[in-house]
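Some notes on the structure that comes next.
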Amino acid sequence: MTPLIESRYSEDQLIRFENVSKFYGDVLGVNRVNLQIAPGVTSLVGPNGAGKTTLMNLMTGLIVPTRGRVRVLGIPASDPERFFRVVGYCTQFDSFPRGVTGREFVYDSLRLHGLPHRQALDGADEAIERVNMTDAANRKVAGYSKGMRQRIRLAQAISHHPKVMVLDEPLNGLDPMARAESMALFQNLGAEGLHVIISSHILHEVDRISDQVIFLTSGYVVAEGQVHGVRDEVTDEPVQILVRCANANRVASRLFCEDHVVEARMHEDTRGVLIRTRDANRFYELLNRMVAEEGLEVEAVTPADDDVNSVYRYLIGSEGVNQ
Amino acid sequence: MAVYKRAYRPYTGTLTPAWSRFLVLPRYAFSTLFRSRFLTSYFVLCFVPAIIAAGIIYLWNTPAARVLLGGPSDNNALSFAIDGRFFYYLLRGQSGMIFLLAAWVGPTLVAPDLANNALPLYLCRPFSRTEYVLGKMSVLVILLSSTTWVPDLLLYGLQAVLAGGNWFWTHGHIAYAIFVGSALWITIVSLLALAMSAWVKWRIAASALIVGIFFVAAGFGQAFNAVLRTYWGYLLNLTYLIKTVWEDLFDIPAVATVSRRGNIPWQDMDIPVGVAWITLLLLGFCCLLLLNRRLRAKEVVRG
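As they're listed, the protein sequences go chains A and B. Counting from 1 along the first sequence, just add 2 to a position and that's the residue number in my numbering. Counting from 1 along the second sequence, just add 11 to a position and that's the residue number in my numbering.
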């Protein structure tokens, strides 16, 4: 993944961590992190205390690494005027100045970014519209629901048009409709060329929107990249493949003879078989032969554990998984 | 991998100067503060000493008005003059009032941000911790200035106009003393209020702590003096320290000084002006250190 990224993107298009460690006194935040994050939606997943928020705080310049170097689009956090121009951060904390309305909250954020009054007003309205909060913009934030608060925080994070958006648990507390809207927004922003960095425990949703995933546990990055690429590298766990066909029992009996097949489990309706194999390529070759030589009619072949949830379980375990 | 269109356009327009951005913070602070009727009433009350002083200055300079009120027509018959001592007592009266104002307002500025982990909201922008402190402190500085040196300098101007001649120029040291003396006190109480509220993160407790430092430390200092028969306990008495500095600024002879200790009993001795200055500046520095330690975007958790 890394050499591919390096060849495809220039320094000013990447978020780069070079041997970064962060310790809070004796407590490890993250250790020896080497990452290059390309544009698109990138999710950080890991159990509580894995180092996700530390990584995000490093990315947003809120903390400095104990060791190593962080550059966001080629800019170090020590150059705040340029650095914060390209970074937008939405924290996981539900904190707002007292008595402020949604519009005032976003407007103030833009004034802190240095936008003049008129541009700040326009920028606030644009960002609020983008998160579908226009109707509630003049209401006090204190009266917002949790989902509305999440969205207004999102509005302040995107209001200054950053190139890198860092969103800490942005789907927490949202109802299904708001979650779907937020995910669509993240995907749109990613498709427009932004870096959208998300941390989340909701793995099946992470799976849907992420271009790449970074798996963290106990302060270490255990894997990174596109999910199926990461899955391919987890060689000690047999690959699960679901085959749907009319005569699944015939497929199962053939596969039992193969030494790379660990398990073949028939589906309840007898029209499907779940295979666990140590060599997916050999399995696909065999299945092709059965189709070509024996006239096997296959309805569908689907990888059953080529998703964030399964990779998470293989790499990290079941701790902190929220499906 | 998605195809990235790079259609996103970052803001490229003009920006306000970086130095002016801290002024965003006081904007809502004032509207929030003055929603409290108690605070608004107390703030108005803080102007009473200046209003009374304005009346006194007018009467002192207008014998006809004094006679109408049954007073003497001759200025020499009055037991006081409009001089450094007059403004010194005025400022002393105001200083106690603004200390309570700072103790009330200061914790509402910082403690809620820390308690709610709101600092990342401010600090993930081109906005430093120094600017954050400046922004929050500017609320206190504006409030406290408007009730001390601003009206006092206006009173100085009123006296200069009514007295005529070259009073304005011959008493220039009073204007200087008003400004420098007020600025020092405002800086110290503002920093103390912000530092204490950053430390305890709880508004009510922070207000109590600030008032506690004021009275308890003074009491402890007094006990220290009595037990050890010394005067260095005054170093713990904020009122005493600022009084010593103001007496020097307004050119008012103190009861005694250490350099003239001679046969003066210890309880009548004064600490040197330089020591008072250094102690107050050290206190301000300690408050800055505390703010530097507590105002972090990320709470450091040690386990």
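Even for Gly, the Cβ is constructed at its ideal location relative to N, Cα and C. If you're wondering where the values come from, they're calculated on a predicted model, not measured in any experiment.
Cutoff 8 Å: Gln121 (chain A) Cβ touching any chain B Cβ: yes
Boundaries (first-last residue) of the beta strand (DSSP E) holding Thr219 (chain A): Start and end: Gln214 to Thr219.
Neighbourhood of Thr219 (chain A) by C-beta, 6 Å cutoff - its chain only, sequence neighbours within 5 removed: Gly48, Ala52 and Ile318, listed in sequence order.
Member of B:Val227, B:Asp262 and B:Ile263 whose CA lies at the smallest distance from the CA of Thr250 (chain B): B:Val227
Of the listed residues B:Thr43, B:Thr73, B:Phe33 and B:Val116, nearest to Ser218 (chain B) (C-alpha basis): Ranking the options by Cα distance to Ser218 (chain B), first place goes to B:Val116.
Assumed close pair Val215 (chain A), Leu169 (chain A) - CB separation to whole angstroms, cut-off 8 Å: That pair is no contact at about 15 Å.
Buried versus exposed call for Asn290 (chain A) [16 or more other C-beta atoms within 10 Å across all chains shown]: exposed
Simplified DSSP state of Ser270 (chain B), which is helix, strand or coil: Only weak support exists for where Ser270 (chain B) lies, its pLDDT of 46 falling under 50; the coordinates are left without a value.
Test: Ser97 (chain A) CB closer than 8 Å to a CB of chain B: Interface with chain B (8 Å Cβ-Cβ cutoff): Ser97 (chain A) is included.
Residues sharing a beta bridge with Phe19 (chain A), DSSP: As computed with DSSP, Phe19 (chain A) is found in a beta bridge with A:Leu37 and A:Val72.
Which listed residue (B:Val150, B:Ala88, B:Leu56 and B:Asp94) has its alpha carbon closest to that of Val35 (chain B): B:Val150
Beta carbon of Val32 (chain A) nearer than 8 Å to that of Leu57 (chain A): yes
Residue-chain proximity (Phe217 (chain A), chain B), Cβ-Cβ < 8 Å: It does not: the Cβ of Phe217 (chain A) has no partner Cβ on chain B nearer than 8 Å.
CB contact check: Leu166 (chain B) to chain A, cutoff 8 Å: Any Cβ of chain A closer than 8 Å to the Cβ of Leu166 (chain B) would place that residue at the interface, and such an atom is absent.
Integer Cβ distance of Gly146 (chain B) from Phe33 (chain B), believed to fall under 8 Å: 4 Å
Interfacial residues, the region 236–260 of chain B to chain A, with Cβ spacing under 7 Å: If the cut-off is 7 Å between Cβ atoms, the region 236–260 of chain B has nothing near chain A.
Distance between Phe25 (chain A) and Gly70 (chain A) (C-alpha atoms, nearest Å): The straight-line gap from Cα to Cα measures roughly 12 Å.
Proximity winner among B:Phe110, B:Tyr22 and B:Ala174, relative to Val222 (chain B) (alpha-carbon distances): B:Phe110
Beta carbon proximity, Tyr91 (chain A) to chain B, threshold 8 Å: yes
Thr159 (chain B) CB to nearest heavy atom of the ligand MN below 7 Å: This structure does not include the ligand MN; it has no bound ligands of any sort.
Simplified DSSP state of Pro178 (chain A), which is helix, strand or coil: helix
Proximity of Gly192 (chain A) and Val43 (chain A) at Cβ, strictly below 8 Å: yes
For Asn59 (chain A), the nearest candidate out of A:Ser45, A:Leu75, A:Tyr91 and A:Gly101 (CA to CA): A:Tyr91
DSSP state of Arg267 (chain A) mapped onto helix, strand, coil: Strand at Arg267 (chain A).
Residues of its chain near Ser270 (chain B), where Cβ-Cβ distance is below 8 Å and the 5 sequence neighbours each way are ignored: Because the pLDDT at Ser270 (chain B) is just 46, under 50, the model does not fix this residue reliably, and the value given afterwards should be weighed accordingly. Pro283, listed in sequence order.
Lys212 (chain B) in three-state terms, based on DSSP: Assignment of Lys212 (chain B) by DSSP, reduced to helix, strand and coil, places it in the coil class.
Among B:Ala126, B:Gly176, B:Tyr187 and B:Leu203, the one whose alpha carbon lies nearest that of Val144 (chain B): B:Leu203
Segment contact flag, the region 199–206 of chain A with the region 258–278 of chain A, C-beta cutoff 8 Å, min 3 pairs: no
Local conformation of Phe107 (chain A) per DSSP, three classes: Helix.
Residues sharing a beta bridge with Gly274 (chain A), DSSP: Partner(s): A:Arg246.
For Ala225 (chain A), three-class secondary structure by DSSP: strand
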